[in-house]
Structures are given as structure tokens and as C-alpha cells.
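A.B. asks: Dumping the structure here so I can ask a few things about it.
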Amino acid sequence: MASYPRFPEIMFTDTARLHARFLLRRHRETGEPILRLIETQTPWKAQMPVGGLPWEEFLERVIALLTTADSEPARAEAAARYAGPIFAAGRLAGDPAIHTWFGSFRYDTHPEREGVSLHIRNNSMPRSCFEDRRECFLRLRDLCAHARTRPFAVRTITCGSWLNDVPVFLSFFPPAYAAGLAASPPENRSGWGWWGQFIDKTGHLHAGRAARLLATGEFPHPRKEGRCSFDEFEAHVLRHAGDAIRRGPPLLS
Ligand SMILES: CC(C)(COP(=O)(O)OP(=O)(O)OC[C@H]1O[C@@H](n2cnc3c(N)ncnc32)[C@H](O)[C@@H]1OP(=O)(O)O)[C@@H](O)C(=O)NCCC(=O)NCCS
Numbered sequence: 017m018a019s020y021p022r023f024p025e026i027m028f029t030d031t032a033r034l035h036a037r038f039l040l041r042r043h044r045e046t047g048e049p050i051l052r053l054i055e056t057q058t059p060w061k062a063q064m065p066v067g068g069l070p071w072e073e074f075l076e077r078v079i080a081l082l083t084t085a086d087s088e089p090a091r092a093e094a095a096a097r098y099a100g101p102i103f104a105a106g107r108l109a110g111d112p113a114i115h116t117w118f119g120s121f122r123y124d125t126h127p128e129r130e131g132v133s134l135h136i137r138n139n140s141m142p143r144s145c146f147e148d149r150r151e152c153f154l155r156l157r158d159l160c161a162h163a164r165t166r167p168f169a170v171r172t173i174t175c176g177s178w179l180n181d182v183p184v185f186l187s188f189f190p191p192a193y194a195a196g197l198a199a200s201p202p203e204n205r206s207g208w209g210w211w212g213q214f215i216d217k218t219g220h221l222h223a224g225r226a227a228r229l230l231a232t233g234e235f236p237h238p239r240k241e242g243r244c245s246f247d248e249f250e251a252h253v254l255r256h257a258g259d260a261i262r263r264g265p266p267l268l269s
């Protein structure tokens with residue numbers, strides 16, 4: 017069975033601090049209730065429940081920490097120190113082997129709309145999963161072959177992610193995919209499709225992008241929804257995987 021790299025524990029506290037700083041800023045600027053901001057503007061609920069701790073109990077405690085009379089950085093720090101270790105035992109920290117991975121890619125099936133959705137976890141930590149494009153195409157070729165064995169006709173592939181704003185990621189798709197990208201509504205930023213950009217290739221907080229969020233209140237990369245026909249995606253992947261095989265393994269320099 018494949019063994020997968022795990023995110024370092026400290027990442028969960030460092031990113032929770034960033035989430036908390038962002039939501040406190042939004043609360044100050046827009047007056048939106050803390051509870052609603054936690055549910056719509058952080059990936060916290062996606063990581064719960066952890067152990068025997070119910071979401072409601074976690075919420076009550078974290079809201080208390082976020083609403084003291086301390087400064088925003090101090091409140092964010094207190095919330096992160098509480099939430100970080102909980103998330104470090106949660107779903108994102110769990111065993112990735114519950115899914116079938118093709119390198120750093122996996123897919124979910126959506127038979128009702130005859131589609132699959134693509135998901136990305138960096139299984140090359142501490143290297144970037146996109147460093148070796150040749151390997152990516154070969155793994156995506158295997159993913160396509162696997163998806164073709166599903167008991168329904170796969171007609172579309174979708175992916176909702178900040179990675180749709182990153183050129184190397186778009187190179188894995190045919191031109192029709194990039195041409196049809198649509199911005200995701202910022203009213204719901206509760207998933208890693210928004211927040212994954214603040215994790216770097218080593219699995220730690222991405223300090224540069226985090227600093228930009230804190231300075232501007234804006235996400236460096238917006239999340240976008242991508243979609244194209246699965247036939248076109250597969251043809252693109254097979255063409256590039258074929259090129260990669262013909263070129264052979266990368267030469268050592
Ligand atoms: C995806 C992930 C590995 C990217 O990590 P990273 O530290 O940004 O590192 P990368 O090396 O991939 O990217 C850095 C840059 O190099 C570029 N790059 C990477 N590989 C490249 C290649 N082979 N060719 C050209 N450019 C490349 C990227 O476009 C990026 O450009 P930028 O600096 O202008 O933003 C990391 O953010 C992560 O693990 N996130 C959590 C998982 C996630 O977000 N999943 C998606 C949820 S939908």
C-alpha cells in the first residue's frame with residue numbers, strides 16, 4: 017500500500033491563525049456575525065467533527081476566544097492555539113489512503129450529471145506536485161483509464177480550485193477548459209479550493225500568500241470553476257503522456 021506524506025502539525029495552527037485574522041477583519045469591516053463568518057469564510061467546519069468533539073461545542077469555545085476584548089492578533093492567536101491541535105487530528109490530517117490516488121490527483125464520481133470532479137493533494141511533499149509535469153500527465157492518464165471503468169458514461173470533468181488561477185495547473189487541461197473558467201462566488205469560501213493556496217509545497221503555511229491576505233484582505237488567487245468534456249481532457253492527457261513516454265525519463269543534469 018502506498019504511503020503518503022502528512023501535513024506537519026504546525027500547519028494546522030498557522031493556517032487557523034490566518035483564517036481567524038481574516039474573519040476578524042471581515043467582521044470589523046462588514047459587521048457580519050462571527051458565527052456566519054466561521055461557517056462561510058473558513059474551512060473549519062470541513063475539518064470537523066474530530067474525535068468526540070461536536071461542531072457546536074467547538075463553535076461555542078472558538079467564538080468565546082474570538083470575541084474577548086483583546087486585540088485582533090491576540091484573539092486570532094488564542095483561537096488558533098485552541099483549534100490548531102484539533103484540526104491536526106482531523107480529516108485533512110487523516111490517512112489519505114481512504115481514497116484512490118493517481119500521484120497527487122484523485123476524482124469523485126457524479127453519475128447524476130455523468131461527470132467526475134478532480135481533487136488535488138500534494139503527495140510529493142516537500143516537493144511541489146507540479147514540479148514534474150511529465151509525471152503528472154502519466155498519472156492523469158491512469159486516472160482517465162480508471163474513470164472509464166465507472167458504470168456510467170463519463171462526459172465531463174470539473175474542478176473548483178484556486179489552482180485554476182495557476183498556469184502550470186491549466187497546462188494539464190485542453191484550451192476549452194481555461195476558456196470556460198468561471199469565478200466562484202466569494203460568499204462561500206469554506207473549502208480548500210479557496211484556502212489551499214495558503215499551504216506551500218512543503219506542507220507549511222505559505223508565508224508569502226498569507227502576508228498578502230493579511231495586508232490586503234484579498235486572496236492572491238481567486239477560486240474558479242473549471243469544466244470541459246472528458247473526451248477532450250483525456251485526448252489532451254494522452255497526447256502529453258505519449259510525448260512524455262517518447263522523451264523518456266528526465267535527464268540528470
Ligand atoms: C498545491 C501546492 C503543492 C502548491 O504549492 P506551492 O508552494 O505554491 O508550490 P509550487 O511550486 O507548486 O508553485 C509555485 C509556483 O511555481 C509554479 N510552478 C510549479 N511547477 C511548475 C512547472 N512545472 N512549470 C512551471 N511553473 C511551475 C507555480 O505556477 C507557482 O507560481 P507562483 O509562484 O507564481 O504562484 C500547495 O499549495 C498545496 O499542497 N496546497 C494544498 C492542497 C490544495 O490546495 N489542493 C487544492 C484544493 S482544490
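My numbering puts the first residue of the sequence shown at 17, with every later residue one more than the last. Even for Gly, the Cβ is constructed at its ideal location relative to N, Cα and C.
#1: With hydrogens ignored, establish whether the beta-carbon of Leu179 is closer than 7 Å to any heavy atom of ligand 1.
#2: Ligand 1 and Pro183: does any heavy atom of the ligand fall closer than 7 Å to the residue's C-beta?
#3: Short check: CB of Thr116 to CB of Arg166, under 8 Å?
#4: State whether the segment 22-38 contacts the segment 209-217, with contact taken as three or more CB pairs (one from each stretch) at a distance under 8 Å.
#5: According to DSSP, what are the bridge partners of Lys240?
#6: Roughly how many angstroms lie between the CA atoms of Thr174 and Arg91, to the nearest whole one?
#7: So, at 6 Å on beta carbons, what are the nonlocal neighbours of Ile102 in its own chain, with the 5 sequence-adjacent residues on each side left out?
#8: Taking the alpha carbon of Pro202 as the point to measure from, which residue in Ala18, Arg42, Ser19 and Ala226 has its own alpha carbon closest?
#9: CA-CA distance, Phe38 and Thr84?
#10: Using the C-alpha atoms, what's the distance from Ser19 back to Leu229?
#11: For a minimum of 4 consecutive residues, which ranges assigned as the alpha helix (DSSP H) are wholly contained in the segment 86-171?
#12: Got a sec, what are the start and stop residues for the alpha helix (DSSP H) Pro183 sits in?
C.D. replies: Let me lay it out:
#1: yes
#2: yes
#3: no
#4: yes
#5: Ser177 and Ala199
#6: 38 Å
#7: Val66
#8: Arg42
#9: 16 Å
#10: 33 Å
#11: 88-103 and 149-163
#12: Pro183 to Leu186
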